[in-house]
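Single-structure report; data block below.
2 protein chains.
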Amino acid sequence: MTSGSAAHAKPPTPRERARERTLQDIVRIGREHLALHGAAALSLRAVARDLGVVSSAVYRYVESREELLTLLLIDAYSELGDAVDAAIGTCPEDAFTGRFEALAAAVRNWALAHPAGYALLFGSPVPGYQAPADRTTGPGTRVVYALMTVLDGAYRAGQLTSDGQDAAFTPLLAADLARIREEAGLQVPGDLLARGALVWTSLFGAISFEVFGQYGAETFAARDELFARHLAVLARVAGLRA
Amino acid sequence: MTSGSAAHAKPPTPRERARERTLQDIVRIGREHLALHGAAALSLRAVARDLGVVSSAVYRYVESREELLTLLLIDAYSELGDAVDAAIGTCPEDAFTGRFEALAAAVRNWALAHPAGYALLFGSPVPGYQAPADRTTGPGTRVVYALMTVLDGAYRAGQLTSDGQDAAFTPLLAADLARIREEAGLQVPGDLLARGALVWTSLFGAISFEVFGQYGAETFAARDELFARHLAVLARVAGLRA
DNA sequence: TCTCATTGAGAGCAGTGCTCTCAAAACTCA
DNA sequence: TGAGTTTTGAGAGCACTGCTCTCAATGAGA
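Line by line, the protein sequences give chains A and B. Just so we're aligned, residue 12 is where the first sequence starts under our numbering, counting upward by one. Just so we're aligned, residue 12 is where the second sequence starts under our numbering, counting upward by one.
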C-alpha cells in the first residue's frame, strides 16, 4: 500500500521513483519546518517554496496539510520507537529496571531533542486535525508496547511485586484491565497493570513539563538529576524492586 | 494596573466604562471561540464578526492576537484556580489526603469541562506565542502553590512521612530544592519536595492523557475509577499515609 | 459651542489552504 | 520513431488570516 514494493514486487518505473523521491523531499522539508516553527505553523506553501516549486504542485503529492501532518506524525513515531528500541537493546534482557530506565531516558532525550515532534505526538491536538487511527496506531503504540513488555517480563521473572495496598477493582475497571491483558498477551495482574498505566502517564507528564517549559524557567537547574530521581520512584511505583 | 480602579479610585468616565465593557465582550467571545475551535484557531476577525464590528476596530482594544491569548490564558488560570480553591475549601483543614484528592479531582474536572482551555494552559505551546511571565506567573502558580500548601501542612502536622528510600541529593539539586523551600516558606524536606514535584507532573500527565485522547479511544471505559486509583497511589508517593 | 481625543469603517498588504485550468513534459505502446 | 496518453508544474483565483493605515463620525470636556 505504501509504495507498491510490497505486492508482486514489480520494478518501479522511473516515474514512480521520481515521485517517491519528491515525496520524501516534501517530508524532509516538512520535518525541518516542523522542528523550526512547530506543527500548527506548518505551511504547505512554505514547503513548496523550499522545494523550489509552486504551491499547487505539492498537492500532486500530498492530499492536504493534514495528510502531511499525518506523514510527519508517523515519521516521528517511528523515530521515537527506533530510539527506544535501541536504548532498550543495550540492556541485558533480564535487567528489567535498567530496561525501564533506558526506555524512559530514551523518550526524554528524544523529546528534548525534538520538542516540536514531541508536541505533535503528545501535546495538545492540532486544531481541526484528527490523526487517522488506521495508519498511526501501529507506530504510535510501539513505546507503550515496549513498556508493557518490560513490565510483563519482570513479572514473569518474579521481579515485579505488588505491595498489596491497592484497593479492589470494580467490575468495569476489572473488565478494562482483563481486556488489555488478553489483547496484549500479558500475565501481569490487574493491579500492577493499572500501576503501569500510571507510570506511563507520569513519565509523559514529567517530560512534558520539561519540554513545554511548564516549570518556571529557573525552578530547576538540576533537571537530569531530578528526572533520574523521578524514574527511581516510578520504578518502585510500577513494582520493580529498588 | 488592570483597569485604573486600584490607584486613586477616580470614578471611571462613561467612555472608560464603555471601553471596559467592550473589552469584556471581546474576552467573552474569545472564550467561546476558544472552547469551540481551540487556541490555535482563534481568529480576531471571527471575534470581530461575532461582536458585530469590523476587524480593525478590535485592535483598538486588543493589541494583537497574542494579547487576546494572554487575556484568555489569565482568564483560564483564574477559573481553574477558583475551582481548585473551592474544592479544597470543602475539606477540613487537617484532612490533608482529602484536600489533595479534592485538588486533583478539581483540576481533572475543570480540564474535562474545558479541554481547549486546559490545552492552552498545559498543552503544547501555541507556536510563536510566549506568555508574558510578568502577567501570567501570578495566576498560573495558584494551583501548584495550593498543592505545596497542602503537602507542607501535612508535613507540619506529622502526616507526611518519607520512607527513606530515596537517594541522596547532589549539590545542584539540593540547591534547587533549598531555594524553592525558602521562596515558598516551606518546612517540608527536600526529598519529599522532590516527590511532590513528581506527583505534580504525574497528575498533569494522567489528566493530559485523558483530555488529549492519548489513551486509545476504547482502552479504558472506567476512567473515573482509574483516576481515583492513580490518586491513591500518588498520595502515597507524596508521602501521605493511606 | 468649540476643540480634541476616541472610535469604527474601509481599503489594503502579505500570508495561508485549496481548487481549477492549461500547457509542457514524460512515459507507453504500436 | 511517432502518436497518444498520463503525469506534472505553473498560474490564476477564492476565501480566509493578522495587521496597518487613513478618514470620517462621534462623544467628552473646556
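Virtual Cβ for every residue (Gly too), placed ideally from N, Cα, C.
message: Along the chain, where does the alpha helix (DSSP H) containing D202 of chain A start, and where does it finish?
response: Going by DSSP, D202 of chain A is part of the alpha helix (DSSP H) stretching over G201 to V222.
query: Name the DSSP beta bridge partners of L171 of chain A, please?
result: Paired residues: A:L251.
message: In whole angstroms, give me the CA-to-CA distance for V161 of chain A and P103 of chain A.
response: Near 11 Å, if we compare the C-alpha coordinates of P103 of chain A and V161 of chain A.
- request: Determine the chain B residues that contact G216 of chain A at a beta-carbon separation under 8 Å, and present them in chain order.
  value: Within chain B, T212, S213, L214, F215, G216, A217 and S219 have C-beta atoms less than 8 Å from the C-beta of G216 of chain A, given in sequence order.
Any 3 or more C-beta pairs closer than 8 Å across the segment 225 to 233 of chain B and the segment 84 to 93 of chain B: Contact between the segment 225 to 233 of chain B and the segment 84 to 93 of chain B is absent: fewer than 3 CB-CB pairs across the two stretches fall below 8 Å.
At least 3 beta-carbon pairs within less than 8 Å: the segment 36 to 50 of chain A vs the segment 77 to 86 of chain A: Verdict: yes, contact present.
message: I need the boundaries of the alpha helix (DSSP H) containing V69 of chain A, first residue and last residue.
response: Unbroken alpha helix (DSSP H) run through V69 of chain A: S66 to V69.
message: Would you say F111 of chain A lies against chain B (beta-carbon separation less than 8 Å)?
response: Taking Cβ atoms only, chain B never reaches closer than 8 Å to F111 of chain A, which makes this a no.
message: Closer than 8 Å between beta carbons: that is the criterion. Which residues of the segment 231 to 250 of chain B meet it against chain A?
response: Listed by position, the residues of the segment 231 to 250 of chain B near chain A (Cβ gap below 8 Å) are F231, A232, A233, E236, L237, R240, H241, A243, V244, L245, R247 and V248.
- prompt: With respect to the alpha helix (DSSP H) encompassing S89 of chain B, which residues constitute its N-terminal and C-terminal limits?
  reply: Per DSSP, the continuous alpha helix (DSSP H) segment holding S89 of chain B begins and ends at R76 to G100.
Short CB-CB distance (under 8 Å) between P136 of chain B and chain A: Yes, P136 of chain B lies at the interface with chain A (some Cβ there is under 8 Å from its Cβ).
query: Taking any Cβ of chain B, which residues in the segment 169 to 190 of chain A have a Cβ under 7 Å from it, in chain order?
result: Within the segment 169 to 190 of chain A, the residues whose Cβ lies closer than 7 Å to some Cβ of chain B are Q176, D177, A178, T181, L183, L184 and D187, listed in chain order.
- prompt: Does DSSP classify D105 of chain B as helix, strand or coil?
  reply: D105 of chain B: coil per DSSP, three-state reduction.
- prompt: Which chain A residues are close to F133 of chain B, counting only those with a beta carbon under 7 Å from its beta carbon?
  reply: Those within 7 Å of F133 of chain B in chain A are Q225.
task: Would you grab the beta carbon distance between L45 of chain B and A165 of chain B for me? Rounded to a whole angstrom, and I think it's under 8 Å.
output: About 36 Å separates the beta carbons of L45 of chain B and A165 of chain B, which is beyond the 8 Å limit, so they are not a contact pair.
message: Using the three-state DSSP reduction, which class does E193 of chain A fall into: helix, strand or coil?
response: In this structure, E193 of chain A counts as helix in the three-state DSSP scheme.
task: Would you verify that the beta carbon of L45 of chain B is, or is not, closer than 8 Å to some beta carbon of chain A?
output: Using a CB distance cut-off of 8 Å, L45 of chain B does not count as an interface residue toward chain A.
task: Anything in chain B within Cβ reach of A195 of chain A, meaning under 8 Å, just list it in chain order.
output: Residues of chain B passing the Cβ test: none, with the nearest at roughly 11 Å.
query: So, helix, strand or coil for H19 of chain A, using DSSP?
result: For H19 of chain A, the pLDDT reaches just 39, beneath the cut-off of 50, and the residue's location in the model is therefore unreliable, although a value from the coordinates is still provided. The three-state secondary structure of H19 of chain A, taken from DSSP, is coil.
- request: Go ahead and label D145 of chain B buried or exposed: buried means 16 or more other beta carbons lie within 10 angstroms of its beta carbon, across all protein chains shown.
  value: Counting Cβ neighbours within 10 Å, D145 of chain B comes out exposed, since fewer than 16 surround it.
- prompt: L209 of chain A touches chain B at which residues, Cβ-Cβ below 9 Å?
  reply: The answer, in chain order, is S213, G216, A217, L237, R240, H241, V244 and L245.
- prompt: What residues in its chain sit with their C-beta under 8 Å from that of L58 of chain B, if we drop five residues either side in the sequence?
  reply: The sequence shown places Val at residue 58 of chain B, not Leu. Beyond the five residues adjoining it in sequence on each side, V58 of chain B comes within less than 8 Å, by CB distance, of I37, I40, G41, H44, V69 and L79 in the same chain, given in chain order.
- request: Round the Cβ separation of V248 of chain B and V210 of chain A to the nearest angstrom and send it over; I've been treating them as touching at under 8 Å.
  value: That belief does not hold up - the Cβ atoms of V248 of chain B and V210 of chain A are roughly 11 Å apart, past 8 Å.
task: In angstroms with no decimal places, state the Cα-to-Cα distance between L158 of chain B and F111 of chain B.
output: Each residue's Cα considered, the two are about 7 Å apart.
query: Which chain A residues are close to A205 of chain B, counting only those with a beta carbon under 9 Å from its beta carbon?
result: Ordered by position in chain A, the residues that pass the 9 Å Cβ test against A205 of chain B are L237, R240, H241 and V244.
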